[in-house]
Every structure is written in structure tokens, then in C-alpha cells.
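*Asks:* Sequence lines, in order, name chains W and A.
In terms of the working numbering, the first sequence opens at residue 814 and continues consecutively.
In terms of the working numbering, the second sequence opens at residue 35 and continues consecutively.
Before I ask anything, here is the structure I am working with.
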Amino acid sequence: MVSTPSPSWTPDQPIVRLADVHKSFGTFEVLKGISFDVRKGEVVCIIGPSGSGKSTLIRCVNALLPVTAGSIQVEGIEVTNPRLDKLALRRKVGMVFQQYNLFPHKTALQNVMMAPIHVLGQDRHEVEVRARALLAKVRLAGKEEAYPGELSGGQQQRVAIARSLAMRPDVMLFDEVTAALDPETVKEVLVTIRELAEEGMTCMLVTHEMNFARDVADHIYFTDRGVIVEHGPPATFFAFAQDERTRRFLSQVL
Amino acid sequence: MSASDRKGPRSEGWPGDLPVLLPFAIPENAPPARLRPVHGWLLCGLAVVALPAWAQAGTAALSPLDVVVKWAPLLLTGFAFNVAISLMAMAIGTVAGIGLGLAMLAEGRVLPRIAWSATQVFRNVPWLVLLFFVMFLVPFQVTVFGIRVPLPDWLKATFGFSLPVMANVAEIVRGAVRSVPNTQWEAAESLAFTRRQTLWRIILPQCTKRMLPPWMNVYALIAMATVQASIVGVTEMLTLTAQVHAAEGGRPELFAPLYGFALLCFFLYCYPIDRLTAGLERRFETR
């Protein structure tokens, strides 16, 4: 399969561009015109009350869900193009889920190795070396042969991050990755994501971890009922929230 | 008066020592009565021992047991044929059924609908009717590239039985694949796996275990159903049993031992499969 050439995209342009994105499920409109840009190396957090369409938004970016109207571009690739090469897009965009979604019949190492071998057709031995390094990077050295069922939630989620990174994505999407975890294991996952962000990985996170957003995010978007109510860098966002809905939300979660 | 006094046969006093029949009471600590495999075996053994003894009341000629012993090799050949038909029907039906099941799960509109309809048809008609259809619609020989290939009755019967197997296996495959959470598909999709890779490398390996017990169940059913082939004239155990009975003069007292032998053969073959299926089901449930 030939990967779609990214027409006229250069790294100095936004790596992800959302323009007036609409998404409906039947007659229910979940996203009512979302627009923002993510630059390369930026960490963007999307926060907001449950049901405000955050997860839907992030799923549209790697075409797990089709948008109803509007435009999403990743490295210049138009995601809403009906003839989109979805596989080419997904090789550039990694995704980590709330429920980890590891493959339960494979060991941690195999989970990390599968996609590079079968999707990218890379050499098994090279992939294994890289997979072991990735597992060590997420502090899971020694757990290579463990099956997902034998790992804690936090460990599974770190395997899921390593699995995604093994594809060498340019953008990482995190969909409430700590929401299903015990409080004590949340930290180990957040540390991993933070290290990733510090290495310059472009990250889009849907999260309820306000402290993490404050510390790590470059930009925060607050969504409610399908629109961006307010956004800004964490310093101004948390200190000078203008909108009534934002203030109410922040007073509840902080 | 305590309960132990009442039970003691030699205890003195009154009125407990009167020779009366006390009402039946279930002992408190008795284990619950439950059928176990051993009961099945006992029943079979009893049948084997009791049948000839009971038939001794008949007369002359060969005793029923001797008749069974005399014809056992032939009857067992017939039984081997039943087993062979069932195994072949299962093999063909499984391969076809996996294909049909995957067709039901395919993308698009036309193929899944056709596959679904075929599955419903073959699952919801009597097996015997399917058998009749195949027996009388398929010619007794076909010519392939100028070579005449004969299609004996037993082969046609095998095809006939493989149709319901196919439909049931298709349903098992579809159900098992559907039982894998959708999130597994999402995870594979976002790692850029194709649909086909996802199915073969991620989804199906997770549900082979789940498919095994119902698949074995289908086999036990088909093994027992193969006797229906006798109705369409295929020489298998039941046909042979009837012929043996006729050859021995059709004596009424031979009915029970001869058909009892057939019964025993099928029971001894299918019961262990059934137990194994139940065992596997329990084991996979606990995991």
C-alpha cells in the first residue's frame, strides 16, 4: 500500500488542524463546530464534563469515527476525504484507550511487537529489540512475558502506550487513559506520558487530571455540549476563566 | 425420649420397643442423590447382562446373546461407517461453516445477507429433509474433465449431513466473534491493522476456545443423526441391524438385544464426547 503523500505539509505548519468539525449520531449532534490547531511537539489537553463530546472528537482524528461535516487534517492528510487511506493515517497517529484494550492472548512483548511486524512488515529481530527497549522505557522491564491478565491496570496501560509507540507515530491520542485506574497507579501512567511530552511527542489528551493538565499541557481546551467554551495556556486558563460554565466545572473538579 | 433410643432395636421401655414400622425419614446427613457417569455405565452393564437372561425365556435356535455375538463384527463395521460419515460430514461442514460464518461478518451488504439467509435456512429445517434433498437431487455420478466420478450413497449422505453442520458452525463462529468486545477491533484498527489481519490475528485466536464446546456438541448430535441415513438406504449400523434381524428370522425376542447393541455403541461413543464438552465448558467458564 502506498502511503498518501502529504501535499505541501511542512513541519512548521500545524500537525493537526481541525476546522468546524461537526459530528452527529442520528439526530443528536455531539460536536457542533470544533476548530483548533495543534503544532508539532505541542501537548494539548481537552477537558470538560462527561458527555461533552471529548472522546468523540479525539476518535475523529484517527478516523475511528467519521465526521459529519468540517475538516480534519493530520500532516496535511485530509481525514474527511472519503477515499482516505485510513491505514496510512493510523500509522502516523497512535492511540491509547481508557480500557487499555491490550490483546489478551498475547504477552506484553508480543502486544508491542505485533503491529510493527504485521502492519509495517519490519524485521522481527529489530522489532523485538525495539519493543524490549520501549517496555523498559515505560518501566516494565521484566514483564515482557506477562499476559495482560497478569498485569495491573497501570502496567497494562503502560504496555498499551509502548504498543502505540512501537509504530513510531507522529501524534499520540490519549482517551481518558487514567479514568479506569486505581488512584495509586494513575501517577505511573502520567509520569510516562509526561516523559513522552518532554521528548517532544505531539500529544492530544482527553483527561480529567487537572493537575496533570496544568503541569504538562501547552494549551487547554474546555468543551461543553459540543463546542469549545474556553481555551488558553494553563496559567491563564486556570487563573482567569471567563465563562460561567468553565468556572463551575473547575470549581467542581479542583 | 431421644432419637437414638427409638432406633435401638434392643432398648427396653415403652412405647418405642413396640414392633411398629416407623415412618420413613430421610437421614439428615445423607449425600444428595445425583446421577454420575458411573450410573450410566452400570445401566449399560445391566442391560448387557440382563437382556440375554430375559430372552432365555424364548426358545430354541441361537440365544439372543449368541446372535449379537455372531453378528457383532458386521454390526460394528456398520457403526464404523456411522463414525466415518459423521467425521467427514463434520470436517466438510466445519470448513464450509467457518467460511459461511466469516461471510456473515464480512463488510458490505450483499455477502453477509446471503450468508445469513443460507445459515438460517440450513439451521431451521429438519436434517432428514436436507438428507432427502441431497440424496435425490445429486446425481449418482458426475463427469469432471471427461472422468466419471461415481457418487455413492454414503458420500451423498455425508454431504447431506455436512449442510446442517455448516450452518451450525457458521452460527458458532459468528457468535464467538461477536462476543469479543468491540474495543479489540478499535485497538487493532488504530494500530493500522487491516480488517482481515484483525480477524485472523487478533479476534479469532481469542475465540477458538469459546467455539470448542459448542462445536463438539454439534459433533455429538451429528454422530447420532447419522442413523437417519438408513432411511435413505445407506448401509450403516441401523440398516445392518434390521438386515441381521431379518436374517435371523425376524424373531421378536431379538429386537431388544440387537437394537440394544446399536444403542449401546452410540451411547459409549457419544457420552464421553458429551462429558468432555461439559468439562471444557466448565474449565473455560472459570477462566
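C-beta: ideal position from N, C-alpha, C; glycine also.
Note that the structure is predicted; figures quoted are calculated from it, not measured.
On the DSSP letters alone, give me the boundaries of the alpha helix (DSSP H) that Gly133 (chain A) sits inside.
*Replies:* Pro98 to Met138 is the extent of the alpha helix (DSSP H) around Gly133 (chain A).
*Asks:* Is the beta carbon of Ser196 (chain A) sitting closer than 8 Å to the one on Ala118 (chain A)?
*Replies:* Result no, Cβ atoms of Ser196 (chain A) and Ala118 (chain A) do not sit closer than 8 Å.
*Asks:* In whole angstroms, give me the CA-to-CA distance for Ile930 (chain W) and Phe1025 (chain W).
*Replies:* For Ile930 (chain W) and Phe1025 (chain W), the distance between alpha carbons rounds to 34 Å.
*Asks:* Going along the chain, which residues of its own chain have a beta-carbon closer than 6 Å to the beta-carbon of Val892 (chain W), five neighbours each way excluded?
*Replies:* Here the set comprises Ala876 and Ile885.
*Asks:* Compare the C-beta of Phe318 (chain A) against all C-beta atoms of chain W and say whether one is closer than 8 Å.
*Replies:* Not one chain W Cβ lies under 8 Å of Phe318 (chain A).
*Asks:* Check the Cβ of Ile236 (chain A) against every Cβ in chain W and list those closer than 7 Å, keeping chain order.
*Replies:* Under the 7 Å cutoff, chain W gives Phe916.
*Asks:* Three or more beta-carbon pairs under 8 Å between the region 991-1003 of chain W and the region 832-844 of chain W, yes or no?
*Replies:* With a cut-off of 8 Å, the region 832-844 of chain W and the region 991-1003 of chain W do not count as touching, because too few Cβ pairs lie within range.
*Asks:* Taking DSSP's pairing of strands, which residues face Ala954 (chain W) in a bridge?
*Replies:* In DSSP, Ala954 (chain W) forms no bridge with anything.
*Asks:* Could you work out which residues of chain W lie near Gln240 (chain A), taking near to mean beta carbons separated by less than 9 Å?
*Replies:* Within chain W, the residues near Gln240 (chain A) are Phe916, Pro917 and His918.
*Asks:* Rounded to whole angstroms, what's the CA-CA distance from Arg70 (chain A) to Tyr305 (chain A)? Just pull it up for me.
*Replies:* Cα to Cα, Arg70 (chain A) sits roughly 12 Å from Tyr305 (chain A).
*Asks:* Chain A beta carbons: is any one of them nearer than 8 Å to that of Phe910 (chain W)?
*Replies:* So, interface residue.
*Asks:* Taking the CB atoms as reference points, tell me whether Val1029 (chain W) and Arg1061 (chain W) lie closer together than 8 Å.
*Replies:* No; because the gap between Cβ atoms is not below 8 Å, this pair is not in contact.
*Asks:* If the cut is a Cβ gap below 9 Å, which residues of chain A does Val932 (chain W) touch?
*Replies:* In chain order: Leu225, Ala226, Phe227, Thr228 and Gln231.
*Asks:* In this structure, how does DSSP classify Val1019 (chain W) when only helix, strand and coil are distinguished?
*Replies:* It is a strand residue.
*Asks:* So, is the C-beta of Ala140 (chain A) closer than 8 Å to a C-beta in chain W?
*Replies:* No - not a single Cβ of chain W is within 8 Å of the one on Ala140 (chain A).
*Asks:* Taking only three categories from DSSP, how would you classify Glu989 (chain W)?
*Replies:* The answer is coil: DSSP assigns Glu989 (chain W) none of H, G, I, E or B.
*Asks:* How would you list, in chain order, the residues of chain A whose beta-carbon sits under 8 Å from the beta-carbon of Ala928 (chain W)?
*Replies:* Result: Leu225, Ala226 and Phe227.
*Asks:* Could you confirm whether any beta carbon from chain W is found closer than 8 Å to the beta carbon of Ala254 (chain A)?
*Replies:* Ala254 (chain A) does not count as touching chain W.
*Asks:* Quick one: grab the DSSP three-state call for Arg309 (chain A).
*Replies:* Here Arg309 (chain A) sits in helix by DSSP.
*Asks:* Could you give the residue range of the beta strand (DSSP E) that holds Lys845 (chain W)?
*Replies:* Residues Phe841 to Val851.
*Asks:* Using a Cβ cut-off of 9 Å, pull out every chain A residue sitting near Met980 (chain W), in sequence order please.
*Replies:* The contacting residues are Leu225 and Ala226.
*Asks:* Looking at the secondary structure, which residues open and close the beta strand (DSSP E) in which Ala876 (chain W) lies?
*Replies:* Segment: none, Ala876 (chain W) is in no beta strand (DSSP E) and carries neither H nor E.
*Asks:* Taking Cβ-Cβ distances shorter than 8 Å, what residues in chain A pair up with Arg904 (chain W)?
*Replies:* Neighbours of Arg904 (chain W) on chain A, chain order: Ala226.
*Asks:* Checking 8 Å against the spacing of the C-beta atoms, do Val1019 (chain W) and Glu989 (chain W) come in under that value?
*Replies:* Result yes, Cβ atoms of Val1019 (chain W) and Glu989 (chain W) sit closer than 8 Å.
*Asks:* Over what stretch of residues does the beta strand (DSSP E) that includes Lys836 (chain W) continue unbroken?
*Replies:* Counting along the chain, the beta strand (DSSP E) containing Lys836 (chain W) begins and ends at Val829 to Phe838.
*Asks:* Based on DSSP bridge pairs, tell me the residues matched to Phe1035 (chain W).
*Replies:* Beta-bridge pairing links Phe1035 (chain W) to W:Ile860 and W:Glu1043.
*Asks:* For the candidate residues W:Thr1036, W:Ala1052, W:Ala1048 and W:Glu1043, whose alpha-carbon lies nearest to that of Pro862 (chain W)?
*Replies:* Comparing Cα positions, the closest option is W:Thr1036.
*Asks:* Cα separation between Ala204 (chain A) and Ala959 (chain W)?
*Replies:* Near 33 Å, if we compare the C-alpha coordinates of Ala959 (chain W) and Ala204 (chain A).
*Asks:* Assess contact between the region 850-860 of chain W and the region 895-915 of chain W, defined as three or more Cβ pairs (one per stretch) separated by less than 8 Å. Is contact present?
*Replies:* No, the region 850-860 of chain W is not in contact with the region 895-915 of chain W.
*Asks:* For Arg316 (chain A), count the other beta carbons within 10 Å of its own beta carbon; 16 or more makes it buried, fewer makes it exposed. Which is it?
*Replies:* With fewer than 16 Cβ atoms within 10 Å of its Cβ, Arg316 (chain A) is classed as exposed.
*Asks:* Indicate whether the contact test is met: 3 or more Cβ pairs, each with one atom in the region 920-930 of chain W and one in the region 973-982 of chain W, closer than 8 Å.
*Replies:* Contact holds: three or more Cβ-Cβ distances are below 8 Å.
*Asks:* Listing by chain order, which chain W residues have their CB less than 9 Å from the CB of Thr192 (chain A)?
*Replies:* Under the 9 Å cutoff, chain W gives no residues; its nearest Cβ is about 34 Å from Thr192 (chain A).
*Asks:* Since Leu877 (chain W) meets chain A, which of its residues come closer than 7 Å, beta carbon to beta carbon?
*Replies:* In chain order: Glu220, Glu223 and Ser224.
*Asks:* By the criterion of Cβ-Cβ separation under 9 Å, what are the contact partners of Leu870 (chain W) in chain A?
*Replies:* In chain order: nothing, as chain A lies at least about 15 Å away.
*Asks:* Between A:Arg244, A:Val183 and A:Asn202, which lies nearest to Val159 (chain A) when the distance is taken from Cα to Cα?
*Replies:* Taking only the C-alpha atoms, the option nearest Val159 (chain A) is A:Asn202.
*Asks:* Quick one: which chain A residues come within Cβ less than 9 Å of Ser1018 (chain W)?
*Replies:* Looking at the sequence itself, residue 1018 (chain W) is Leu, so the reference to Ser does not match. Within chain A, no residue comes near Leu1018 (chain W); the closest Cβ sits about 15 Å away, beyond 9 Å.
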